[in-house]
DNA sequence: TGATACACGATTAAATCAGTCGTGATTATT
DNA sequence: AATAATCACGACTGATTTAATCGTGTATCA
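Chains as they are written, first to last, in UniProt numbering: chain A, 1 to 149; chain B, 1 to 149.
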């Protein structure tokens, strides 16, 4: 399960991506549209800002806007930023490798190979899918029927 | 990341799968071989027993042995049992569906489609891989070089 | 200069994780 | 029958993480 925070981050980015790229959106407007606690969203957008994904203006007429292109923001990038590694084992993480303390030898670890495969297919999806890819899903009727299985 | 508990469960099953299928293994022996806290492993094996994956004998000369065939125990099955749903969103879980309270409409949820794809590829690996599939990795030298990327 | 918006550190309540403790029940051996 | 080894099982605990909330400060526009 991804965290609530990551879910909020992704949805906020979708809202920003749909907006006029010149005009900043208020935290409160994004929060309301997506049912996100305002103060929590504030924290999230700050994280995204530190990473250079969004930018902000202060004061009246302030707000947030996308800094990177929507087609240049991958799900993988956001999830790693908010939730940490995508790999199921610390010893398989690209961004935060740690050896499993209870494991005597990585090469002969029986389960590592399996989770390596899992990590690879997961990354395959998350690192190729961008915020731009999911804009179509906003409105009813526009949904392609690739959904099931 | 999978939990430590799930990691222990999988490794314990590998040990049981490698053992003579007639002879029960002591919790303490499995615990020692895989560096698992004995009391914790006890709890884990009890969970696996309730699911009919292993069985136990009590008393002196007691111990645990596999009830199901190693080729009939999938990673997916064990992970669902110990860690819960494999899906990244509650609204995509097969075993414990719950709607996201902050989501107004599942069909038009922008991120749901992406995580549905993630869940499908992940299940693809986890539900086809069994304990039997990873027995080869126990000893050094026997490792196929499919590992990387 | 005041209203409005973002900035940011601190705090918190609840849940989850990773075990540990203690006691009881069962069985093989002596 | 007694003993010792083993599994059974509920309760407890400390640390960490999650999902926020609070309060104050700073920038900007009208």
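Even for Gly, the Cβ is constructed at its ideal location relative to N, Cα and C.
- Distances from the alpha-carbon of residue 47 of chain B to those of B/79, B/119, B/102 put B/79 closest.
- In terms of beta-carbon proximity, residue 118 of chain A lines the interface with chain B, with at least one pair separated by less than 8 Å.
- Counting other Cβ atoms within 10 Å of its Cβ, residue 99 of chain A stays below 16 and is therefore classed as exposed.
- By the criterion of at least three beta-carbon pairs nearer than 8 Å, the stretch 108-124 of chain B is not in contact with the stretch 47-66 of chain B.
- In the DSSP annotation of this structure, the continuous segment of the alpha helix (DSSP H) that includes residue 8 of chain B starts and ends at 4-18.
- Around the beta carbon of residue 8 of chain A, 16 or more other beta carbons sit within 10 angstroms, so the residue counts as buried.
- Contacts with chain A at 8 Å (Cβ-Cβ) do not include residue 45 of chain B.
- For the options A/22, A/24, A/20, A/33, the alpha carbon positioned closest to that of residue 11 of chain A is the one of A/33.
- Counting only runs of 4 or more residues that sit fully inside the stretch 35-93 of chain B, the alpha helix (DSSP H) segments are 38-50, 75-83, in chain order.
- Contact between residue 126 of chain B and residue 76 of chain B holds, since their C-beta atoms are separated by about 4 Å, short of 8 Å.
- When DSSP states are grouped into helix, strand and coil, residue 122 of chain A belongs to the helix group.
- Residue pairing by DSSP puts residue 130 of chain B in a beta bridge opposite B/74.
- The count of Cβ pairs closer than 8 Å, one atom from the stretch 84-97 of chain A and one from the stretch 30-44 of chain A, stays below three, leaving the stretches out of contact.
- For residue 115 of chain A, the number of other beta carbons within 10 angstroms of its own is at least 16, and it is reported as buried.
- Under the Cβ distance rule, residue 80 of chain A does not count among the residues neighbouring chain B, no pair being separated by less than 8 Å.
- Against chain B, the CB of residue 64 of chain A has no partner CB under 8 Å away; the residue lies outside that interface.
- The alpha-carbon of residue 96 of chain A is positioned some 42 Å away from that of residue 57 of chain B.
- Nearest CB-CB separation between residue 137 of chain B and chain A: below the 8 Å threshold.
- The straight-line gap separating the alpha-carbon atoms of residue 123 of chain B and residue 74 of chain B is approximately 10 Å.
- By alpha-carbon distance to residue 118 of chain B, the top candidate from B/93, B/19, B/132, B/66 is B/93.
- Interface flag for residue 71 of chain A against chain B is unset, since no Cβ pair is found closer than 8 Å.
- The Cβ atoms of residue 66 of chain A and residue 54 of chain A lie closer than 8 Å to each other.
- The beta carbon of residue 75 of chain A sits closer than 8 Å to some beta carbon of chain B.
- If you ignore the 5 residues before and after residue 44 of chain B, its C-beta comes within less than 7 Å of the C-beta of 5, 8, 9, 12, all in its own chain and listed in chain order.
- Apart from sequence neighbours up to five positions away, the residues of its chain that approach residue 129 of chain B with a beta-carbon distance below 6 Å are 75, ordered along the chain.
- For the pair residue 70 of chain A and residue 25 of chain A, the CB atoms are not nearer than the 8 Å cut-off.
- At a cut-off of 8 Å between C-beta atoms, residue 41 of chain A does not count as an interface residue with respect to chain B.
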